[in-house]
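Numbering (our numbering), first residue to last: 7 to 437. Ideal placement from N, C-alpha and C gives every residue a C-beta, glycine not left out. Report on the following structure.
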Amino acid sequence: MKNESYIEDIAKYKDQQLTISGWVYNRRSSGKIHFLMLRDGTGIIQAVVGINDVDNETFEKCKELPQESSLRVTGTAIEDKRAPGGYELHVNKIEFTHIADEYPITPKEHGTTFLMDHRHLWLRSSKQHAVLRVRHEIIKACRDYFDSNGYVLVDAPIFTPAACEGTSTLFETDYFGSKAYLTQSGQLYMEAGAMAFGKVYCFGPTFRAEKSKTRRHLTEFWMIEPEIAFCDLEGDMEIAEEFLEYVVQRVIEQKKSELELLQRDTSNLEKVHRPFPRISYDEAVAILKKGGLDFEDGNDFGAPDETFISDQFDRPVMIHRYPAAVKAFYMKNDPNDPSKALCVDVLAPEGYGEVIGGGQREDDFDTLIKKIQQHNLPMEAFDWYLDLRKYGSVPHAGFGMGIERAVSWICGLKHIRETIPFPRTISRLQP
RNA sequence: UCCCCGAUAGCUCAAUUGGUAGAGCGAGCGGCUGUUAACCGCUAGGUUGUAGGUUCGAGCCCUACUCGGGGAGCCA
């Protein structure tokens, strides 16, 4: 068996006989005529079953066909304005593959907790289809951007021997008797990759064990991280904005119907073109103070601060040169003001917060050693990393983009948990 | 870890001042040849999260706990 007719191609079969293989999305009946809404993963079509069109047994079975029963329906594709989608299937034969049990997700409303408990089934609904198709397009666009600009895919390991950044809480696992941690970033490994290939990127899952309970956090999420040799902060920001513009515009072009189904107002996304506004940390602080927000100079921005700053702009805003004290040890200090780090955060508009974080890396051996000491990190874990500063050290920079944050923003979702097929949060490990 | 909110039928919710726990959807039975979350009639469905307390009487008031949601912090 090999399925060859799909609902998305229905127009090709106008007035012709075809077989649709799929599931019953919903059903309406009117005594001597049944309307079966069928879905096959590519779309939804209404199948019309009249009492005189099929044998008696088939007609009776349709009458009590539970939601999500699977079947193969043969009929003629008829253009009809009354049908959602413009076409309907006039059925003359049905092969019942499986009669489903009572389906838990009914056509009426459900709460998110209930739907998440049934995530394996919820994936069948049209809104989730749209979100995950946009996610697919975003990932494809990210890969296409780097693949077509000379980057080599160098994936980083998931098991790591020690904390990469020494800041966040990691998931610990037993690794044949010694401790291993699930990666929180592939960046350090990308620096090794950049010294080998010049331009590299990795794309994989990332784990954070912080007990974050917000609509912006997952414990397991996907991140794409490019790293470029012979590149400074300015070059890094140019790449970040070109990359983000490419991804957003690709999704707008390729996923119109999905964004429409999600009722996403795309006018804000259409503005995502270079150049993005670039402001320094100090300028951002001035914006907050002018806006009357209670903010202590030298701190990192909180979520409300980020929202206030990004609300001042109509496209993603790049904030650079944060205080070195609030950033990771590997960030290079600004030679013009050593209290600042050569880093950049890209804040998405509409309050979606940080989607990209990156910067120029410390490339001096002695300075890096001092920083590792200052952060109380175990020197022996960074032997190999320090080697990169011993054998042909060069200025280099990179960034990471959280895929789910990007999906959430581009789809206009209010919660990140719908942006990944099976979310992992502090309170969810199932299904 | 801290702050706020919530838990009633399979699902989504209602229940006046503390006074017999209801509706829609779903399920079951019946009706209808153009339905669009179809519609119409009937039926079944409940230890009101757990434990205790106040009261003649608690879904409602009080205490503790459990679980969940949102936010802070941390970050992408």
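{"query": "Is it buried or exposed, glycine 37, if we count other Cβ atoms within 10 angstroms and call 16 or more buried?", "result": "exposed"}
{"query": "Leaving out five residues on either side along the sequence, give the residues of the same chain with a beta carbon under 7 Å from the beta carbon of glycine 297.", "result": "Phe314"}
{"query": "Thinking C-alpha only, which one of Glu360, Lys338 and Phe120 is nearest arginine 395?", "result": "Lys338"}
{"query": "Would you mind working out which of Leu95, Ser131 and Ile100 sits nearest threonine 112, comparing C-alpha positions?", "result": "Ser131"}
{"query": "Measuring CA to CA, which of Val55, Lys262, Asp238 and Phe209 is closest to methionine 439?", "result": "Only positions 7 to 437 of the chain appear in the structure, and residue 439 is not among them; the question remains open."}
{"query": "Going by C-alpha to C-alpha distance, which of Gln255, Lys420, Asp288 and Pro283 sits closest to threonine 272?", "result": "Gln255"}
{"query": "Where does tyrosine 287 fall in DSSP's three states?", "result": "helix"}
{"query": "So the beta strand (DSSP E) methionine 324 belongs to, where does it begin and stop?", "result": "323–326"}
{"query": "Can you check whether the CB of leucine 188 is closer than 8 Å to the CB of phenylalanine 203?", "result": "no"}
{"query": "Can you tell me whether DSSP reads alanine 3 as helix, strand or coil?", "result": "Given a span of 7 to 437 for the chain in the structure shown, any question on residue 3 remains unanswerable."}
{"query": "Measure the beta-carbon distance from methionine 196 to glycine 404 and round it to whole angstroms, keeping in mind my assumption that it falls under 8 Å.", "result": "6 Å"}
{"query": "Let me check understanding here. Comparing Cα to Cα, which of Ala331, Gly192 and Asp238 lies closest to histidine 381?", "result": "Ala331"}
{"query": "Thinking C-alpha only, which one of Arg34, Gly406 and Ser433 is nearest glutamate 231?", "result": "Gly406"}
{"query": "Okay, do the segment 66–86 and the segment 16–31 touch, 3+ Cβ pairs below 8 Å being the bar?", "result": "yes"}
{"query": "In chain order, what residues of the same chain lie with their CB nearer than 8 Å to the CB of aspartate 72, ignoring the 5 residues before and after it?", "result": "Per the sequence shown, the amino acid found at residue 72 is proline instead of aspartate. For proline 72, where only same-chain residues beyond five positions count, the Cβ hits under 8 Å are Val30, Ile105, Ala106, Asp107, Glu108 and Tyr109."}
{"query": "In angstroms with no decimal places, state the Cα-to-Cα distance between glutamate 368 and glutamate 251.", "result": "28 Å"}
{"query": "Report the rounded CA-to-CA distance for valine 413 versus lysine 420, giving the unit in angstroms.", "result": "11 Å"}
{"query": "Could you give the distance in angstroms between the alpha-carbon of histidine 142 and the alpha-carbon of phenylalanine 335?", "result": "34 Å"}
{"query": "Using the three-state DSSP reduction, which class does glutamine 190 fall into: helix, strand or coil?", "result": "coil"}
{"query": "Sort Glu74, Gly117, Cys68 and Phe120 by Cα distance to lysine 99 and report the nearest one.", "result": "Cys68"}
{"query": "Pick out whichever of Asp46, Leu42, Ile57 and His124 has its Cα sitting closest to the Cα of alanine 2.", "result": "Residue 2 falls outside the range modelled here, since the chain spans only 7 to 437, and no answer is possible."}
{"query": "Closer than 8 Å is the cut-off here; do at least three beta carbon pairs connect the segment 318–328 with the segment 370–386?", "result": "no"}
{"query": "Using only alpha-carbon positions, find the residue among Arg78, Leu267 and Ala198 that is nearest to leucine 392.", "result": "Ala198"}
{"query": "At the level of alpha carbons, what is the spacing between serine 75 and aspartate 46?", "result": "12 Å"}
{"query": "Does the Cβ of serine 263 have 16 or more other Cβ atoms within 10 Å, making it buried, or fewer, making it exposed?", "result": "exposed"}
{"query": "Among residues of its own chain, excluding the 5 on either side of phenylalanine 65, which ones have a beta-carbon nearer than 7 Å to its beta-carbon?", "result": "Val55 and Ile57"}
{"query": "Judging by CA-CA distance, which residue of Leu294, Ala186 and Ala309 is the nearest neighbour of aspartate 303?", "result": "Leu294"}
{"query": "Within the continuous alpha helix (DSSP H) that includes arginine 222, where are the two ends?", "result": "Note, arginine 222: premise wrong, no alpha helix (DSSP H); not H, not E."}
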